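First up is the structure itself, then whatever we jot down about it.
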DNA sequence: CCCTGCAACTTGAACGATCCAATAATGCAC
DNA sequence: GTGCATTATTGGATCGTTCAAGTTGCAGGG
């Protein structure tokens, strides 16, 4: 076991005071170049690492960010959450922060966890995913002056807090354009029942694009809860109309998979989220730029923590269409 | 902003000393029942939460565990890692620990991260996933006396450290038995090339079960890197033999998916890992008990941290077969 | 010549918990 | 009532860092 190396050890080795070493680390501009170099050398020689606990106790900041990891499979999930988490961890590390996980059964439970984590001074900020209309969590945090960023915008009032989101409408617009460009004229949309911000946005993108190309979207639109069976049913329903669609834009890969089964390979289908399922079966799908989104979340959050706490920022990212064999 | 509540505030409120409050929290047996209750009430009234940073500075323990989150898609990944992480976080929280994430490009990079995290006294232990033959990381950690548990056993020397693993051979054995019981006699195995511990174990389960039922496994076995195309190719190869198999046991859902496509619905197929892909397309698959495995990892790790540091423990869990439509 | 201002650095105290050693309270036998 | 062991409680020191205030040396203005 090597000797414990503290800031005092470094100070003695470099023949300066503790505070000067601290300044080299935190406010280098206060230290003369020559001294700074000498201290840096001592740090390197001794292999000194700052003791986060001690720093945290003094400054009250832990350089730890928290993200909820969900047990369920709705909203952002599976490999989507997986890739998002990796992006967060990577971006946070680059800025000297760490990412911590927590679980919660529901929003109320999550607020209890907020209290726990904050009161024991364990962390500095939150990244929230899967925000709903009038999300209680965001109000709770804002009220207490806790810094946070959401992945997913607050649909009621866009500038209430900082967020990063993917332009869902643009995703389905790209999908619809692709189908139109490959010759389709009657393009159906299979999405979720009206009312969810994300779902409505995805429907909008399809609808607006149809109209932009002078195609009538009337009657080509079905809504059902997420699921393969539901997607299949919607597709069958649309295919038995007098003028059936020749292609489908779907609000999720699950719905798309159902549509694909129902159509038996005779319709073009595009899904949403680019899940492993899509990759596995060659489903063309709209892909969210998750690493980028994660990095922007961290940027925003750290901006709030380090810098100007006034005002909020919003970032809207464009998804991209991953063309495979189904469209 | 409410007043800051420290152990001193609680002590004053309950008319005892700081040390007594500390004892109530850490060594309740030293405190008289009556006093203990009074202190607990003061804690509840004031909403006191222990300051983790201060505790950590004194005790040198952070109550933080770390897990690597991988960018790539091999080994344990996607929704598998997702579910495992949730299990870890949940189990850790129950024991008063938190889970932190870190990234690394390769094993060497990971060891550099170990150094960083440990030197700054940021965490107490590691959960490693995806261990290889003669994993350098485990040697490095063991050498330094750092506590860790792996999910996946060290194939060279089982008792070198503590681990939790799923009985892969039992999984393919269950799959093979299921196929035999539903009337199949010629059952092929599509796995990875020999040499990986997990892959060889999965092949073993199939082979042993075949022999146990007096069925000859000779010539029914193919190996290829993981992937849908590879699975399809192996299946086609097996189907063109003089006595082709009527069913396939596969080492992964990806390989199974390929086999399914190649067989065109005329063969029974069973995959491994019960990924969302399997659920989506109705693929029968072997499911790993991830929440349970995660909980056992945490149990073992915390045992090592809190209690007896002597000896290692091993836990082998049985997977279960999720029967869907393909077998 | 004194005072002010500045840069570069030093010193003592504080953050909030736990550990340690010493003290006070209690019970019991003689 | 005294002595002694047992248990419960106390005050002080401590972990490693940063904050606030202070010291030193030197240049320039009045």
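Residue numbers (our numbering), protein chains in the order written: chain G, 1 to 327; chain A, 1001 to 1327.
Note that CB positions come from ideal geometry on N, CA and C, so glycine has one too.
None of the values given here were measured: they were computed from a predicted structure.
Residue i at chain G interface by Cβ criterion, 8 Å
i	result
residue 1029 of chain A	no
residue 1069 of chain A	yes
residue 1003 of chain A	no
residue 1154 of chain A	no
residue 1075 of chain A	For residue 1075 of chain A, the predicted structure reports a pLDDT of 42, less than 50, and the residue's modelled location is therefore unreliable. The matter cannot be settled from this model.
residue 1056 of chain A	yes
residue 1090 of chain A	yes
Test item: CB-CB of residue i and residue j under 8 Å
i	j	result
residue 1341 of chain A	residue 1089 of chain A	Coverage of chain A is limited to positions 1001 through 1327, which leaves residue 1341 of chain A absent and any answer about it impossible.
residue 1293 of chain A	residue 1166 of chain A	yes
residue 188 of chain G	residue 245 of chain G	yes
residue 259 of chain G	residue 231 of chain G	yes
residue 965 of chain A	residue 1227 of chain A	Examination of residue 965 of chain A is not possible in this model, given that chain A is present from 1001 through 1327 alone.
residue 333 of chain G	residue 140 of chain G	Since the first and last residues shown for chain G are 1 and 327, residue 333 of chain G lies out of range.
residue 280 of chain G	residue 1080 of chain A	no
residue 52 of chain G	residue 68 of chain G	no
residue 1298 of chain A	residue 1095 of chain A	yes
residue 1057 of chain A	residue 100 of chain G	no
residue 1210 of chain A	residue 1176 of chain A	yes
residue 1191 of chain A	residue 1208 of chain A	no
residue 1144 of chain A	residue 1111 of chain A	no
residue 1301 of chain A	residue 1149 of chain A	yes
Secondary structure of residue i, DSSP reduced to three states
i	result
residue 1129 of chain A	strand
residue 15 of chain G	coil
residue 190 of chain G	strand
residue 320 of chain G	strand
residue 1285 of chain A	strand
residue 1218 of chain A	coil
residue 163 of chain G	strand
residue 1038 of chain A	helix
residue 99 of chain G	strand
residue 74 of chain G	Only weak support is given to the placement of residue 74 of chain G: the predicted model assigns it a pLDDT of 46, under 50, and the question is left unresolved by the model.
residue 1005 of chain A	coil
residue 311 of chain G	coil
residue 1146 of chain A	coil
residue 65 of chain G	strand
residue 1265 of chain A	coil
residue 271 of chain G	strand
residue 195 of chain G	coil
residue 171 of chain G	helix
Chain G contact residues for residue i, given Cβ-Cβ distances below 9 Å
i	result
residue 1026 of chain A	Per Cβ cutoff of 9 Å: no residues; residue 1026 of chain A is ~15 Å from chain G at best.
Chain A within 8 Å of residue i, Cβ atoms only
i	result
residue 304 of chain G	no
residue 110 of chain G	no
residue 276 of chain G	yes
residue 86 of chain G	yes
residue 65 of chain G	no
Amino acids of chain A, ordered along the chain, whose beta-carbon sits closer than 8 Å to that of residue i
i	result
residue 213 of chain G	By Cβ distance, chain A contributes nothing, its closest Cβ being about 32 Å from residue 213 of chain G, past 8 Å.
residue 98 of chain G	1100, 1101, 1102, 1122
residue 116 of chain G	1049
Where residue i meets chain A, residues with beta-carbon distance less than 9 Å
i	result
residue 329 of chain G	This structure does not reach residue 329 of chain G, given that chain G is present from 1 up to 327, and the question cannot be answered.
Residue i, buried or exposed, once every other Cβ within 10 Å from all chains shown has been counted against 16
i	result
residue 1020 of chain A	buried
residue 1044 of chain A	exposed
residue 74 of chain G	With a pLDDT of 46 at residue 74 of chain G, under the threshold of 50, the predicted position of this residue should be treated as unreliable, and no value is reported.
residue 1240 of chain A	exposed
residue 15 of chain G	exposed
residue 1122 of chain A	buried
Beta-carbon neighbours of residue i, restricted to chain G and to distances below 7 Å
i	result
residue 1239 of chain A	Result: empty, since nearest Cβ-Cβ is about 21 Å, beyond 7 Å.
residue 1120 of chain A	49, 50, 51, 52
Beta-carbon neighbours of residue i, restricted to chain A and to distances below 7 Å
i	result
residue 228 of chain G	1280
residue 257 of chain G	1280
Interface residues of chain G facing residue i [CB-CB closer than 8 Å]
i	result
residue 948 of chain A	Given a span of 1001 to 1327 for chain A in the structure shown, any question on residue 948 of chain A remains unanswerable.
residue 1093 of chain A	102, 103
Any non-hydrogen atom of the ligand ATP within 7 Å of residue i CB
i	result
residue 25 of chain G	No copy of the ligand ATP appears in this structure; indeed no ligand is present at all.
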